[in-house]
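Novice:
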Amino acid sequence: MRKYSKFPIPNLLHEIFNALLAGLSEKYFDRETKKALVLWIQELTQKRIPIDGELIKEKAIRFYNQVKDLEPSCSSSHIRSPKFSASNGWLAGFLQRHTLYNLKIKGEAASADGTDAKNYSKVLVKIIEDGGYCPDQVFNADETGLFWKKMPSGTFIAKSEKTASGFKAAKDRVTFLLCSNASGARMLKPLMLNRSLHPRALKGNNIAELPVHFMANKKAWVTKAVFITWFNDCFVPEVKQYMIDMGLPFNVLLIVDNAPGHPCIEHPNVKLYFYQPIRQALYNH
Numbered sequence: 027m028r029k030y031s032k033f034p035i036p037n038l039l040h041e042i043f044n045a046l047l048a049g050l051s052e053k054y055f056d057r058e059t060k061k062a063l064v065l066w067i068q069e070l071t072q073k074r075i076p077i078d079g080e081l082i083k084e085k086a087i088r089f090y091n092q093v094k095d096l097e098p099s100c101s102s103s104h105i106r107s108p109k110f111s112a113s114n115g116w117l118a119g120f121l122q123r124h125t126l127y128n129l130k131i132k133g134e135a136a137s138a139d140g141t142d143a144k145n146y147s148k149v150l151v152k153i154i155e156d157g158g159y160c161p162d163q164v165f166n167a168d169e170t171g172l173f174w175k176k177m178p179s180g181t182f183i184a185k186s187e188k189t190a191s192g193f194k195a196a197k198d199r200v201t202f203l204l205c206s207n208a209s210g211a212r213m214l215k216p217l218m219l220n221r222s223l224h225p226r227a228l229k230g231n232n233i234a235e236l237p238v239h240f241m242a243n244k245k246a247w248v249t250k251a252v253f254i255t256w257f258n259d260c261f262v263p264e265v266k267q268y269m270i271d272m273g274l275p276f277n278v279l280l281i282v283d284n285a286p287g288h289p290c291i292e293h294p295n296v297k298l299y300f301y302q303p304i305r306q307a308l309y310n311h
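Per our numbering, the very first residue in the sequence shown carries number 27; after that it's consecutive.
As structure tokens, this is what we get:
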């Protein structure tokens, strides 16, 4: 009978299993990284924050490592950890796969002067130092619109279809006035502006119990009257109580842009500072 030399079959199977597992893990990591990356790009696009290829690659490596660290099957030293470098080829494939393309920025962020922004930062620092404000005493308020019925401007259709039926875009909008301090420790109760003070959707509900200060006007926008009401009835009481809770003097700085709906208000404990909206495109990023 022919004799066969001993062969470490269990070890070989173990190596093959680890190699297959590493290959599957690499595909899994790459897929999850791309998912996180797409969501991140969408978030920055909504915030009008510009990004380039190098930033995408840097963020991809960070997401990849985070996904790898969260996967318990790859924490074992017996499994070879896949490497990821986010090469230019990988970036080109990612952009093509998700139909992302480079677009020239237009609007406030493109026209804002970076040098002017640096000078303004120095002015703001001086105002804060002269007033003796700590981050808990520096507040910033701004409005944002929410088109809560808005539909996507495009759609996906089957390859056999040539056109898609149109629809009239709904323009129903509410406005939020949001305010927080520089330390991020305190965000005030938002102000919500609607066109109707008693909408059908809130029938039978107590408006005073909503998690927002609910107001209304015909255009659902912050006017001078609305801002003054918010300042006196919402901002001042909430901030005053917050200063008491923090053991700080009621001496605060409120920074807003110089929009027509933001009037100059005199208050013994609150200093209002107005800045140009064009600068906001830089400072909010």
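Cβ atoms here follow ideal geometry from the backbone N, Cα and C, with glycine treated the same way.
Aspartate 271 lies in the alpha helix (DSSP H); which residues open and close that run?
Specialist: Here the alpha helix (DSSP H) through aspartate 271 covers 262 to 272.
Novice: Would you mind stating whether serine 222 and leucine 214 have Cβ atoms separated by less than 8 Å?
Specialist: No, Cβ-Cβ distance for serine 222 and leucine 214 is not below 8 Å.
Novice: Apply the 10 Å Cβ neighbour rule to glutamine 122 and answer buried if 16 or more other Cβ atoms are within range, or exposed otherwise.
Specialist: By the neighbour-count rule (16 or more Cβ atoms within 10 Å), glutamine 122 is not buried but exposed.
Novice: Does DSSP put glutamate 292 in a helix, in a strand, or in coil?
Specialist: Three-state DSSP puts glutamate 292 in coil, outside helix and strand.
Novice: So for serine 206, helix, strand or coil by DSSP?
Specialist: Strand, per DSSP.
Novice: Select from Thr170, Val149, Arg199, Phe165 the residue whose C-alpha is nearest the C-alpha of alanine 285.
Specialist: Cα-wise, what sits closest to alanine 285 is Thr170.
Novice: Mapping DSSP to helix, strand and coil, what is valine 282?
Specialist: If DSSP states are grouped into helix, strand and coil, valine 282 belongs with the strands.
Novice: Would DSSP call tyrosine 54 helix, strand or coil?
Specialist: In this structure, tyrosine 54 counts as helix in the three-state DSSP scheme.
Novice: Considering just the uninterrupted stretch of the beta strand (DSSP E) at glutamate 169, what are its terminal residues?
Specialist: First-last of the beta strand (DSSP E) with glutamate 169: 164 to 172.
Novice: The alpha helix (DSSP H) spanning leucine 228 covers which residue range?
Specialist: From DSSP, leucine 228 is part of no alpha helix (DSSP H); its letter is neither H nor E.
Novice: Identify the residues that DSSP records as bridge partners of asparagine 220: which are they?
Specialist: Asparagine 220 is bridged to Ala242.
Novice: When the Cβ atoms of the region 144 to 152 are set against those of the region 252 to 263, are three or more pairs found closer than 8 Å?
Specialist: Result no; under three Cβ-Cβ pairs closer than 8 Å.
Novice: For leucine 63, which residues of its own chain have a beta-carbon under 8 Å away from its beta-carbon, when the five flanking residues on both sides are left out?
Specialist: Ile82, Lys85, Ala86, Phe89, Phe120.
Novice: Taking all protein chains shown into account, decide if lysine 53 is buried (16 or more other Cβ within 10 angstroms of its Cβ) or exposed.
Specialist: With fewer than 16 other Cβ atoms within 10 Å, it is exposed.
Novice: Please return the same chain residues whose Cβ sits closer than 6 Å to the Cβ of leucine 70, not counting the five positions on each side in sequence.
Specialist: So the qualifying residues of the chain are Ile77.
Novice: Which of the three DSSP states, helix, strand or coil, is assigned to leucine 120?
Specialist: Sequence inspection shows phenylalanine at residue 120; the leucine mentioned does not correspond to that position. The answer is helix: DSSP assigns phenylalanine 120 an H, G or I state.
Novice: In three-state DSSP terms, what is leucine 298?
Specialist: Here leucine 298 sits in strand by DSSP.
Novice: Helix, strand or coil for aspartate 125, going by three-state DSSP, please let me know.
Specialist: One detail in the question is off: residue 125 reads as threonine in this sequence, not aspartate. The answer is coil: DSSP assigns threonine 125 none of H, G, I, E or B.
Novice: Mapping DSSP to helix, strand and coil, what is threonine 71?
Specialist: It is helical.
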